[in-house]
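Participant:
2 protein chains.
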Amino acid sequence: MHTPDKIDIREVSPRDGFQSLAGFIPTDHKLHIIDLLVRAGVKEIEATSFVSPKAVPQLKDAAELMSRLPRQDIVRAALVANLRGAQDAVAAGVDQLVMVISASEAHNRANVRCSIAQSVKNLDAIFPVARENGVVVNGAIAVAFGCPYQGDVPEGDVSSLVQEFYERGASSVILADTTGMASPRRIDGMVRTFIHGFPGCRFTLHLHNNRGTAMANLLAGLLAGARSFDTALGGIGGCPNVPLAAGNLATEDVVFMLEDMGVETGIDLEKIIQAAVELEKVVGFTLPGQVMKSGPRLARVMAGLEPCYSSRRRAGR
Amino acid sequence: MHTPDKIDIREVSPRDGFQSLAGFIPTDHKLHIIDLLVRAGVKEIEATSFVSPKAVPQLKDAAELMSRLPRQDIVRAALVANLRGAQDAVAAGVDQLVMVISASEAHNRANVRCSIAQSVKNLDAIFPVARENGVVVNGAIAVAFGCPYQGDVPEGDVSSLVQEFYERGASSVILADTTGMASPRRIDGMVRTFIHGFPGCRFTLHLHNNRGTAMANLLAGLLAGARSFDTALGGIGGCPNVPLAAGNLATEDVVFMLEDMGVETGIDLEKIIQAAVELEKVVGFTLPGQVMKSGPRLARVMAGLEPCYSSRRRAGR
Numbered sequence: 001m002h003t004p005d006k007i008d009i010r011e012v013s014p015r016d017g018f019q020s021l022a023g024f025i026p027t028d029h030k031l032h033i034i035d036l037l038v039r040a041g042v043k044e045i046e047a048t049s050f051v052s053p054k055a056v057p058q059l060k061d062a063a064e065l066m067s068r069l070p071r072q073d074i075v076r077a078a079l080v081a082n083l084r085g086a087q088d089a090v091a092a093g094v095d096q097l098v099m100v101i102s103a104s105e106a107h108n109r110a111n112v113r114c115s116i117a118q119s120v121k122n123l124d125a126i127f128p129v130a131r132e133n134g135v136v137v138n139g140a141i142a143v144a145f146g147c148p149y150q151g152d153v154p155e156g157d158v159s160s161l162v163q164e165f166y167e168r169g170a171s172s173v174i175l176a177d178t179t180g181m182a183s184p185r186r187i188d189g190m191v192r193t194f195i196h197g198f199p200g201c202r203f204t205l206h207l208h209n210n211r212g213t214a215m216a217n218l219l220a221g222l223l224a225g226a227r228s229f230d231t232a233l234g235g236i237g238g239c240p241n242v243p244l245a246a247g248n249l250a251t252e253d254v255v256f257m258l259e260d261m262g263v264e265t266g267i268d269l270e271k272i273i274q275a276a277v278e279l280e281k282v283v284g285f286t287l288p289g290q291v292m293k294s295g296p297r298l299a300r301v302m303a304g305l306e307p308c309y310s311s312r313r314r315a316g317r
Numbered sequence: 318m319h320t321p322d323k324i325d326i327r328e329v330s331p332r333d334g335f336q337s338l339a340g341f342i343p344t345d346h347k348l349h350i351i352d353l354l355v356r357a358g359v360k361e362i363e364a365t366s367f368v369s370p371k372a373v374p375q376l377k378d379a380a381e382l383m384s385r386l387p388r389q390d391i392v393r394a395a396l397v398a399n400l401r402g403a404q405d406a407v408a409a410g411v412d413q414l415v416m417v418i419s420a421s422e423a424h425n426r427a428n429v430r431c432s433i434a435q436s437v438k439n440l441d442a443i444f445p446v447a448r449e450n451g452v453v454v455n456g457a458i459a460v461a462f463g464c465p466y467q468g469d470v471p472e473g474d475v476s477s478l479v480q481e482f483y484e485r486g487a488s489s490v491i492l493a494d495t496t497g498m499a500s501p502r503r504i505d506g507m508v509r510t511f512i513h514g515f516p517g518c519r520f521t522l523h524l525h526n527n528r529g530t531a532m533a534n535l536l537a538g539l540l541a542g543a544r545s546f547d548t549a550l551g552g553i554g555g556c557p558n559v560p561l562a563a564g565n566l567a568t569e570d571v572v573f574m575l576e577d578m579g580v581e582t583g584i585d586l587e588k589i590i591q592a593a594v595e596l597e598k599v600v601g602f603t604l605p606g607q608v609m610k611s612g613p614r615l616a617r618v619m620a621g622l623e624p625c626y627s628s629r630r631r632a633g634r
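In order, the protein sequence lines correspond to chains A and B. Position 25 (the first sequence) corresponds to 25 in the numbering used here; numbering is contiguous. The number in the numbering used here is simply the position in the second sequence, starting from 1, with 317 added.
1) Leaving out five residues before and five after A:N248 in sequence, what residues of the same chain have Cβ atoms less than 8 Å from its Cβ?
2) I'd like to confirm the pairing. Which residues does DSSP put opposite A:R76 in its beta bridges?
3) Is it right to say B:K347 is buried, meaning 16 or more other beta carbons lie within 10 angstroms of its own, or is it exposed?
4) Below 7 Å on C-beta distance, what does B:Y466 contact in chain A?
5) I'd like to know if B:D325 contacts chain A, where contact means its C-beta is closer than 8 Å to some C-beta of that chain.
6) According to DSSP, is B:S477 part of a helix, a strand, or is it coil?
7) Run through the DSSP bridge pairs and tell me what B:T521 is partnered with.
8) Got a sec: is the Cβ-Cβ distance from B:T530 to anything in chain A below 8 Å?
9) Give the C-beta separation of B:A447 and B:V453 to the nearest angstrom, bearing in mind that I take them to be a contact with Cβ-Cβ under 8 Å.
10) A:I7: which of A:F285, A:R202, A:A250 and A:R211 sits nearest, CA to CA?
11) Grouping DSSP H, G and I as helix and E and B as strand, with all else coil, what is B:V452?
12) Where are the alpha helix (DSSP H) runs, 4 residues long or more, that stay fully inside the stretch 76-135 of chain A, in chain order?
13) By Cβ distance below 7 Å, which residues in the same chain neighbour B:R631 in space, the five residues on each side in sequence not counted?
14) Can you tell me where the alpha helix (DSSP H) with B:E289 in it begins and where it stops?
15) With a threshold of 8 Å between beta carbons, is B:Q607 in contact with chain A?
16) Any contact of the stretch 532-545 of chain B with the stretch 287-302 of chain A, i.e. 3+ C-beta pairs under 8 Å?
17) Please state whether DSSP places A:I34 in a helix, a strand or coil.
18) Chain A partners of B:R385, CB-CB under 8 Å?
19) Just mark B:E587 as buried or exposed, buried being the case when its beta carbon has 16 or more other beta carbons within 10 Å.
20) Listed from N- to C-terminal order along the chain, which residues in the stretch 165-187 of chain A have their beta-carbon within a distance smaller than 8 Å of any beta-carbon of chain B?
21) Are the Cβ atoms of A:A92 and A:S67 separated by less than 8 Å?
22) For A:P4, which option in A:G262, A:F165 and A:L279 has the closest C-alpha, if you only look at C-alpha atoms?
23) Starting from B:N565, follow its DSSP beta bridges and name the residues at the other end.
24) Just mark A:S115 as buried or exposed, buried being the case when its beta carbon has 16 or more other beta carbons within 10 Å.
25) Just to confirm, is the Cβ distance from B:T521 to B:R393 under 8 Å?
26) If we count the other Cβ atoms within 10 Å of its Cβ and call it buried at 16 or more, is B:D505 buried or exposed?
27) Would you grab the beta carbon distance between A:L298 and B:G456 for me? Rounded to a whole angstrom, and I think it's under 8 Å.
28) If you run the structure through DSSP and keep just helix, strand and coil, what is A:G234?
29) Could you tell me which chain B residues have their CB closer than 7 Å to the CB of A:N133, listed as they occur along the chain?
30) Use the C-beta contact count for B:D570: other C-beta atoms within 10 angstroms, 16 or more gives buried, fewer gives exposed.
31) B:V411 and B:A398 look like a contact to me (Cβ under 8 Å); what is the Cβ gap, rounded to whole Å?
32) Do you know how far the Cα of B:L386 is from the Cα of B:H349?
33) Alpha carbon to alpha carbon, how far is B:L382 from B:I391? Give it in angstroms, no decimals.
34) Of all the CB atoms in chain B, is at least one closer than 8 Å to the CB of A:D260?
35) In this structure, does DSSP put B:R485 in helix, strand or coil?
36) Determine, for A:L36, whether the minimum Cβ-Cβ distance to residues of chain B falls below 8 Å.
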């Protein structure tokens with residue numbers, strides 16, 4: 001099983017997680033979680049979005065949050081959808097702009113309320129703003145593996161968007177399975193094609209778990225050559241109306257699995273579990289992450305605890 | 318990505334799922350679910366256990382259930398832990414005995430209250446009983462990838478147990494990750510070693526999701542050559558005291574993923590989703606399966622529905 005020595009984790013819970021909640025989480029609580037993330041070793045954090053506060057009131061504190069982020073050696077990223085957002089984000093001091101465009105026309109209009117052509121045109125203004133301010137642009141392609149409006153998305157449509165980012169100088173592109181429509185073969189095919197087609201570009205997989213395949217998709221991506229993954233503490237994310245149905249991959253679950261496979265993430269498992277437990281207190285409901293419930297691999301042995309399934313003395317396996 | 322044309326699904330929800338509940342599910346309800354499983358195309362069902370009704374009251378109706386199972390072209394399996402159980406199961410008309418032994422001494426004692434040596438000795442009596450009655454013995458090795466009491470389990474200890482089953486004529490062995498301690502590299506290594514070492518033996522992976530890795534472990538097993546997987550409708554299983562923490566792989570999630578990869582399971586996705594929805598009604602709580610919440614890959618497109626995450630017009634991916 002051929003795997004790399006290490007990979008990058010992009011932590012997206014402050015953006016993709018807090019955005020998904022019905023209510024607004026106070027800025028102090030957000031910063032508390034981000035502080036725990038940084039202490040656990042997270043190096044790249046998608047901290048917020050610079051979009052209309054009417055559209056996304058959960059992230060209306062974007063500028064304040066950005067100004068109060070820890071100044072350690074971390075990459076402070078923010079999602080934007082147009083030039084106005086990019087300007088605001090740059091003014092607020094971000095290190096990385098995550099510029100999102102959907103691979104389907106229908107989803108781009110629903111998500112950012114303009115055509116794909118208009119979103120691409122925006123890049124011509126956004127890249128110079130970023131460059132002049134020493135800010136990196138990370139391209140993000142939504143519904144890259146299928147769109148809930150359109151259905152299948154031709155790989156060529158995704159490839160065209162990668163090309164738009166790539167030729168303007170982006171060295172990093174996120175391929176997002178926005179609603180969990182990917183499976184390992186789709187991931188494998190696209191990752192191999194793009195790594196070959198866009199030399200030097202880092203491809204990040206952003207995988208939602210709507211259909212239970214996110215971790216298998218991560219493994220497929222890893223084996224195909226992807227070296228960067230978006231994850232969210234506790235698996236937070238998705239839709240507040242569908243409990244536990246559509247979260248991100250849980251950072252601590254990914255750290256557990258990759259470290260157990262000998263792939264370094266740079267993140268301390270015990271500390272990231274504690275951060276997830278703390279996030280659960282902040283949001284007030286059970287998160288879908290599993291390692292935060294079961295503990296590290298040898299947790300029960302170390303604690304001298306009986307596993308609960310045996311306490312009732314039933315035969316099973 | 319090298320994958321087989323088809324694989325076997327062993328449905329374990331009637332045994333591993335109902336066993337995990339705090340209360341007893343009436344036999345009629347169990348049979349209703351099994352009927353839906355069979356109609357969806359499931360061909361091999363671990364229907365119950367023949368163990369002490371004091372130890373596992375949830376399955377005290379084993380003999381009655383077995384006598385009332387559908388007579389279609391399916392394999393009716395039952396878990397046993399000793400000769401008495403095997404005799405009872407054979408008398409009740411099972412097609413397949415699943416004889417469980419743990420790869421760690423501590424777990425075997427906790428699970429079936431005898432030493433591994435005693436369990437192995439039992440095989441000398443169980444295999445003849447099975448053979449005389451035309452019943453297949455499927456070996457099942459619990460805690461094959463780690464034990465919550467002992468910690469790491471040497472591969473040689475697992476291999477020794479496989480050998481005990483194999484040399485007595487078992488053509489099928491289940492490797493169980495009882496409490497979710499495996500990761501893809503562990504799966505990959507053991508599956509490749511055993512397929513090479515025990516020619517002609519079918520290895521089934523039984524994967525719990527305590528640490529979020531079960532579907533990735535299934536993919537690793539598939540790529541390493543495993544051609545059979547235990548799954549449970551809705552992902553039912555685990556411990557009633559830890560909600561959603563420790564279920565099996567959800568049958569419908571596995572069917573979705575494998576069929577999308579071009580691997581046949583013989584199971585109809587729409588029908589198995591309906592069976593999972595029905596199981597949720599029977600047990601009265603939310604099951605961890607994801608596809609039963611999100612639907613097939615193109616479900617929202619087909620239904621003309623808006624995805625919930627876009628209805629609030631937020632920018633995201």
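We treat Cβ as the ideally placed atom computed from N, Cα and C, and that holds for glycine.
Facilitator: Considering the structure as presented:
1) V12, S13, D16, G17, H206, L207, H208, N209, A214, D230, T231, A232, G235, I236, G237 and G238
2) A:I45
3) Of the other Cβ atoms in all chains shown, 16 or more fall within 10 Å of the Cβ of B:K347; this residue is therefore buried.
4) Here the neighbours are V301.
5) no
6) helix
7) B:I491 and B:S545
8) yes
9) 7 Å
10) A:R202
11) coil
12) You should have 83-91, 105-112 and 116-132.
13) Bear in mind that the predicted position of B:R631 carries a pLDDT of just 47, short of 50, making it unreliable; the figure below should be weighed with that in mind. Nothing listed; no residue qualifies.
14) Any answer about residue 289 of chain B is impossible in this case: the structure gives chain B only from 318 up to 634.
15) yes
16) no
17) helix
18) Result: empty, since nearest Cβ-Cβ is about 22 Å, beyond 8 Å.
19) exposed
20) Going along the stretch 165-187 of chain A in chain order, one finds I174, A176, T178, T179, G180, M181, S183, P184, R185 and R186 with a Cβ nearer than 8 Å to chain B.
21) yes
22) A:G262
23) B:H525
24) Exposed, since its Cβ has fewer than 16 Cβ neighbours within 10 Å.
25) Taking a C-beta distance under 8 Å as the contact criterion, B:T521 and B:R393 do not qualify as a contact pair.
26) buried
27) With 8 Å as the limit, A:L298 and B:G456 do not qualify as a contact, their Cβ atoms being about 26 Å apart.
28) helix
29) Listed along chain B is no residue with a C-beta nearer than 7 Å to that of A:N133; the closest approach is about 21 Å.
30) B:D570 is classed as buried because its beta carbon has at least 16 other beta carbons within 10 Å across all chains shown.
31) That pair is no contact at about 14 Å.
32) 10 Å
33) 15 Å
34) yes
35) coil
36) no
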